[in-house]
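Chains as they are written, first to last, in the UniProt record's numbering: chain H, 1 to 149; chain S, 1 to 149.
Working notes, structure below.
2 protein chains.
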Amino acid sequence: MENVRNMFQIMSRNFGLLSEQCCDSCCGQEVSLVQSHILYEINRQHNPSMQDIAVALGMDITTFSRQVKTLTDKGFIKKSPHPSDQRITILSLTPEGLTVENAINLTVNTQLNGVLSTMSEFERETVLRSIQLFNDAMKRSATCCVPPK
Amino acid sequence: MENVRNMFQIMSRNFGLLSEQCCDSCCGQEVSLVQSHILYEINRQHNPSMQDIAVALGMDITTFSRQVKTLTDKGFIKKSPHPSDQRITILSLTPEGLTVENAINLTVNTQLNGVLSTMSEFERETVLRSIQLFNDAMKRSATCCVPPK
DNA sequence: ACTATATACTTGCATAATGCAAATAAATTT
DNA sequence: AAATTTATTTGCATTATGCAAGTATATAGT
C-alpha cells in the first residue's frame with residue numbers, strides 16, 4: 001500500500017492556504033475562511049436548510065448556528081421560514097453575500113488558473129479530469145471515513 | 001476561465017473530513033486535527049525549527065508556540081536546542097508521537113486506498129500522477145497566493 | 001384528539017484556538 | 001559595544017468550538 005496521503009495532504013494544505021489568502025485579499029476582515037465555506041455551500045445548494053449546510057461542511061450545528069447569526073448580522077445571508085415546516089430555516093445569500101462569494105470565487109479561480117497555466121494543455125486536462133474522478137469516487141465510497149477493522 | 005475552484009473545494013473538504021475522522025478514530029481525544037498536521041510536518045522535515053513548521057503550515061507563530069507546548073506536555077514532541085544557535089528550537093517526534101503519527105498515516109492511507117480501489121488501475125495511476133503534477137505546479141508558481149491585478 | 005417521540009434550531013457555559021502587541025533572549029551588524 | 005535582527009514566548013482580548021439543555025414545531029402511537 002503506497003503512501004498516498006502525502007500527496008493529498010500537501011495538495012489540500014496548499015489549496016487551503018491559497019483560499020485563505022484569496023479570502024483575505026478580496027474580503028479583508030469581512031469574512032473568515034470558514035465563513036467563506038458557508039457562503040460557498042449556500043450558493044451551491046438549492047434552498048438549503050441549516051442542517052443541509054452544516055452537514056455538508058461537517059460542522060457542529062451549534063457552532064454553525066452562531067456563524068449563521070454572524071453572517072446574517074453582517075448582511076451576507078438571509079434566513080427564511082420553510083413554507084410547510086416551521087422548524088426549518090432556509091438559507092440564502094443576500095445580494096451583498098453573493099457579491100462577496102463571487103469575489104472570492106473569482107480570486108481563487110484566478111489563482112488556480114495561474115498555477116494550472118504552468119502546465120501543458122494536456123496535463124491541465126488530465127489533472128482536472130482526475131480530480132473530478134476522485135471526487136466521484138469519494139462520493140461513491142460509502143465506507144469512506146469509517147474506522148478500519 | 002472555467003470554474004476549477006469547485007473541484008478543488010470539494011476535494012479539499014472531503015479530504016479534510018476524512019482526515020478528521022481518521023484522526024478521531026485512531027487517536028480519540030489525544031490530538032486535534034491541527035495537531036495531527038503538526039506531527040505530520042515534523043515527521044516530514046529534517047530537524048525542523050519552530051519557524052520551519054509554522055511557516056509550512058501557514059500558522060501564526062504564537063498560536064503554533066502554544067500548540068507545541070500542548071503537544072510537548074502530551075509527550076508527542078520534543079524540543080531540542082539548536083547546536084550552534086541558541087535562539088532556535090529544533091522539533092522532533094518522541095516515540096509516542098511517532099506512534100500516533102504512524103497510526104493516523106495508516107488510517108488515512110487505508111481510507112484513501114479504499115476510495116481509490118473503486119477506480120480502474122489506469123484511472124488510479126492517472127489520478128495520483130495528476131495530483132503530483134499539480135503539487136509541483138503549486139510549488140513552481142511564485143505568484144500563487146498573491147492578490148490578483 | 002392527546003400524549004409521546006422525534007426533528008430543527010438556539011442558548012448557556014466552559015474550554016480551546018487565534019492573533020496582535022509586547023517581552024525575552026540570542027545572534028548579527030554597524 | 002550599542003543598535004538591529006531573528007526566534008520564540010507570554011499577556012490579553014476576541015473568536016471558535018461543542019456538549020448539555022432549552023424551545024418550538026411536526027409526526028407517531030393509542
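Note that CB positions come from ideal geometry on N, CA and C, so glycine has one too.
Quantities reported herein were computed from a predicted structural model and do not represent experimental measurements.
- DSSP assignment within the UniProt domain "HTH marR-type" (1-136) of chain H yields the following whole alpha helix (DSSP H) runs of 4 residues or more, N-terminal first: 5-27, 33-44, 50-57, 61-73 and 95-116.
- Distances from the alpha-carbon of Ser32/S to those of Arg129/S, Pro95/S, Leu112/S and Gly16/S put Gly16/S closest.
- Listed in chain order, the non-local C-beta contacts of Leu39/H below 8 angstroms within the same chain comprise Val31, Leu71, Phe76, Ile77, Leu93, Gly97, Val100, Glu101 and Ile104, local neighbours out to five positions each way being set aside.
- Among the CB atoms of chain S, none fall inside 8 angstroms of the CB of Leu98/H.
- Sequence-distant partners of Cys27/S (beyond 5 residues in either direction) whose C-beta falls short of 7 angstroms from its own C-beta, in its chain, are Val100, Ala103 and Ile104.
- Here Val115/S is buried. Its C-beta has 16 or more other C-beta atoms within 10 Å.
- Residues of chain S whose Cβ lies closer than 9 angstroms to the Cβ of Ile53/H do not exist; the shortest such Cβ separation is about 12 angstroms.
- Taking one beta carbon from each stretch, the segment 5-14 of chain H and the segment 1-20 of chain S have 3 or more pairs nearer than 8 angstroms; the two touch.
- The C-alpha of Val108/S lies about 9 angstroms from the C-alpha of Glu20/S.
- What Arg140/H touches in chain S, judged by beta-carbon distance under 7 angstroms, is Thr118, going in chain order.
- Here the segment 121-136 of chain H lies against the segment 125-138 of chain S, with 3 or more beta-carbon pairs under 8 angstroms apart.
- With contacts defined as CB atoms closer than 8 angstroms, Val4/H and Asn113/S qualify as a contacting pair.
- Judged by beta-carbon spacing, Thr118/H lies within the 8 angstroms limit of Ala137/S, meaning their Cβ atoms are closer than that value.
- Among the residues of the segment 66-92 of chain H, none has a Cβ less than 7 angstroms away from any Cβ of chain S.
- If you ignore the 5 residues before and after Asp52/S, its C-beta comes within less than 7 angstroms of the C-beta of Gln45, all in its own chain and listed in chain order.
- Contact residues of the segment 30-41 of chain H toward chain S are Tyr40 (C-beta to C-beta distance below 7 angstroms).
- Its chain contains Ile104, Thr107, Val108 and Gln111 as the residues whose beta carbon lies nearer than 7 angstroms to that of Cys22/H, once the 5 sequence neighbours on both sides are disregarded; these appear in chain order.
- Within chain H, no C-beta atom comes nearer than 8 angstroms to that of Ala103/S; the closest sits roughly 11 angstroms away.
- Taken atom to atom, the span from the alpha-carbon of Leu133/H to that of Asp60/H is near 29 angstroms.
- Listed by position along chain H, the residues whose Cβ is nearer than 8 angstroms to that of Gln132/S are Met7.
- Counting C-beta atoms within 10 angstroms of its own C-beta, Gln67/H has 16 or more neighbours from the protein chains shown and is therefore classed as buried.
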